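Each remark here refers to the structure printed beneath this line.
Number of protein chains: 2
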Amino acid sequence: MDPIAPASHKQRQVMDALLEIIDSESLGAGDRLPAEVDLARRLGLGRGTVREAIKSWEAMGIVTRNKGAGTVLATDISGHALQLPLSVTLEAQSLARTLAVRRPLEIEAVRIAARHADERQRHEIRGLMLELMAVYEAGEDWRAVDHRFHAAIHAATGNPLFGQLINQLLRAFHDIYEAPFGQPQLGHASLPLHRPLAEAIVAGDAETAADLMTRILDEVAAAAAAVTFREEQA
Amino acid sequence: MDPIAPASHKQRQVMDALLEIIDSESLGAGDRLPAEVDLARRLGLGRGTVREAIKSWEAMGIVTRNKGAGTVLATDISGHALQLPLSVTLEAQSLARTLAVRRPLEIEAVRIAARHADERQRHEIRGLMLELMAVYEAGEDWRAVDHRFHAAIHAATGNPLFGQLINQLLRAFHDIYEAPFGQPQLGHASLPLHRPLAEAIVAGDAETAADLMTRILDEVAAAAAAVTFREEQA
DNA sequence: ATGTTGACTATGTCCGACAATTTCGGGAGG
DNA sequence: CCTCCCGAAATTGTCGGACATAGTCAACAT
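Heads up: the protein sequence lines correspond to chains X and V, in order.
Sequential numbering of the first sequence, starting at 77, is according to the numbering used here.
Sequential numbering of the second sequence, starting at 77, is according to the numbering used here.
Encoded structure:
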């Protein structure tokens, strides 16, 4: 059960086409995008499909649609957009950018979790940490358990927004990163840090937990940079 | 030009109905939602409309759709969801939650902006701050300029993800907060802090800028809490 | 007991049509 | 020549139906 799934192929095609248009015509915030019917005819797709693809951009705050007026860019996504699947080019900056945003969110999340988690949540975090360690030492694929572990931390903040936003960033990361490289089990070096992290949260030590989360993210960032570097060499 | 627009009424109707179903049936992560055709028939809407409404949830990572299997919840949004428009009830927690997530993002954004902004971006931030002060002292509506000012800071990070995610949070804030209360010009007290914030960013002083942003967010949170409290009294 | 097939379900996509709204140009009047 | 008003065009919002594609599950045959 992969919790993070990429968009369908046809809708990805729409986004890729829009990206190319935005790039080739240097469209910025406030500029108007092609009409849905034009885009649909140009790509040989149905208008409903094009609408749904653009709808996801609207939900992310990238574009705004106005009845009768058209669809306009709400933010600058120049230099190749990143939150969406790039099928061919892999940019090192895209990885760094998702991590740069995840960083303050994850750190604040563990801080809040350490302060506000109730007994049941602390117990669940500790249990998942033990399960994660067992799977890790058995040499199996630990990513699913790792995902559940961090999801438990996000739930312990009592604020579902943390989990939702970080989920979005993970999906972007997945689309950009894991697709071309298969299943790299990124952040191998960060796993031993999970045990003290869980213990700090259970103990209610917010600052130690924040420190450990910072170090975990540093490890992930370093691993991502290394793989990206290898790719650039090839 | 309001940069933040709520979803259409029909699609809001779909989300409200789904929220009520999730709440009344206590659905959590992994549970299955009603099929699109059922939902469409029950609400008297077209299936395409229902699909688009759910699509925005999919883009936000709230649900995942599997061909043939159905649509399932990806995260827990129990206790009334927050990132989406509640038409009647206004929950104090919803406001606090969006602010709790905005906080680390905005603080990190000004920190990065202070470090990495180029000359043109620093000039634009300073210019917008002066314009904001002028509009404010003239007693006019300063929210549009304020939005452009903060957008310039997000752009100066060189990472469009900051702007996109914060835009989403602002839209949630708008849907939940501004709709019932009209146009409250929230955070009045925080405006004088914008001048030193802009100067710190222009000067490249990341920590001072982060400190000032923290104080601005504290002011906004206090104002939101006060208004919410007044509402609860009534 | 087990493996396979087939019906059923649900999402993905397409088409055509009309409604609602904004935009823009052209014509009447000053 | 300029201004104001109106109507046509453009564009998104919604609807209904249809078929394709893929997962689910139970009945069936081995």
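Glycine included, every Cβ here is placed at the ideal spot set by N, Cα and C.
Only a predicted model underlies this, so the values are computations on that prediction, with no experimental measurement involved.
Which same chain residues end up closer than 8 Å to residue i when comparing Cβ atoms and leaving out the 5 residues on each side of it in sequence?
| i | result |
| --- | --- |
| X/Ala93 | Leu115, Arg118 and Leu119 |
| X/Ile277 | Val186, Ala189, Ala190, Ala193, Arg198, Ile201, Ile229, Ala232 and Ala285 |
| X/Gly146 | Arg108, Leu109 and Ala111 |
| V/Ala150 | Ala105, Gly137, Ile138, Val139 and Thr140 |
| X/Leu245 | Thr174, Val177, Arg178 and Leu181 |
| X/Trp218 | Leu208, Val211, Tyr212, Gln261 and Leu267 |
Compute the Euclidean distance between the alpha carbons of residue i and residue j, then round it to the nearest angstrom.
| i | j | result |
| --- | --- | --- |
| V/Glu96 | V/Ala129 | 15 Å |
| V/Gln87 | X/Asn142 | 15 Å |
| V/Ser266 | X/Glu195 | 38 Å |
| X/Ala176 | X/Val296 | 11 Å |
| X/Leu171 | X/Ala301 | 8 Å |
| V/His85 | X/Pro268 | 49 Å |
| V/Thr125 | X/Arg178 | 32 Å |
| X/Leu288 | V/Leu288 | 26 Å |
| X/Arg224 | V/Ser132 | 24 Å |
| V/Gly144 | X/Met91 | 24 Å |
| V/Ala89 | V/Arg123 | The residue asked about is misnamed: residue 89 of chain V is Gln in this sequence, not Ala. Each residue's Cα considered, the two are about 13 Å apart. |
| X/Glu101 | X/Ala214 | 52 Å |
| X/Asp99 | X/Ala298 | 30 Å |
| X/Ala279 | X/Arg271 | 12 Å |
Excluding five sequence neighbours on each side, which residues of the same chain lie with their C-beta closer than 7 Å to the C-beta of residue i?
| i | result |
| --- | --- |
| V/Val110 | According to the sequence provided, residue 110 of chain V is Pro. The question's Val does not apply to it. Closer than 7 Å at Cβ, skipping near neighbours: Ile97. |
| X/Leu241 | Leu181 |
| V/His226 | none |
| V/Thr290 | Ile183 |
| V/Met205 | Phe225, His270, Arg271 and Ala274 |
Compare the C-alpha of residue i against each of the options and name the closest.
| i | options | result |
| --- | --- | --- |
| V/Asn243 | X/Gly280, X/Arg127, X/Glu134 and X/Gly239 | X/Glu134 |
| X/Ala282 | X/Leu175, X/Ser100, X/Pro236 and X/Glu184 | X/Glu184 |
| V/Glu275 | V/Leu237, V/Ser102, V/Asp294 and V/Gly203 | V/Gly203 |
| X/Asp294 | X/Arg271, X/His264 and X/Gly280 | X/His264 |
| X/Leu103 | X/Val148, X/Val113 and X/Val90 | X/Val148 |
| V/Val113 | V/Arg127, V/Arg271 and V/Ala298 | V/Arg127 |
Keeping to the same chain, check which residues put their C-beta closer than 6 Å to that of residue i; ignore five residues upstream and five downstream.
| i | result |
| --- | --- |
| V/Val221 | Glu207, Leu208 and Val211 |
| V/Asn235 | none |
| X/Ile292 | Ser266 and Leu269 |
| X/Phe238 | Ala185 and His230 |
Which of the residues in the region 175-188 of chain X, read from start to end, lie with their CB under 8 Å from any CB of chain V?
Ala176, Val177, Arg179, Pro180, Leu181, Ile183, Glu184 and Ile188
Hey, which unbroken runs of the alpha helix (DSSP H) at 4 residues or more fall wholly within the region 100-145 of chain V?
At a cut-off of 4 residues, the continuous stretches assigned as alpha helix (DSSP H) that sit fully inside the region 100-145 of chain V are 112-119 and 123-135.
Contact set between the region 87-106 of chain X and chain V, restricted to residues whose Cβ is under 7 Å from the partner
none
Minimum length 4: unbroken alpha helix (DSSP H) runs contained in the region 265-293 of chain X
270-279
What are the uninterrupted segments assigned as alpha helix (DSSP H) that are 4 or more residues long and contained completely in the region 177-219 of chain V, given in chain order?
Those alpha helix (DSSP H) runs which fall completely within the region 177-219 of chain V and span 4+ residues are 195-213.
Any residues in the region 215-244 of chain X with a beta carbon nearer than 7 Å to a beta carbon of chain V? Which ones, in chain order?
Ala231, Asn235, Pro236, Leu237, Phe238, Gly239, Gln240, Leu241, Asn243 and Gln244
Anything in the region 283-298 of chain V with a Cβ closer than 7 Å to a Cβ of chain X? List those residues in chain order, please.
none
Selection of the region 132-154 of chain X by Cβ proximity to chain V, strictly under 9 Å
Ser132, Trp133, Glu134, Ala135, Met136, Gly137, Ile138, Thr140, Arg141, Asn142, Lys143, Ala150, Thr151, Asp152, Ile153 and Ser154
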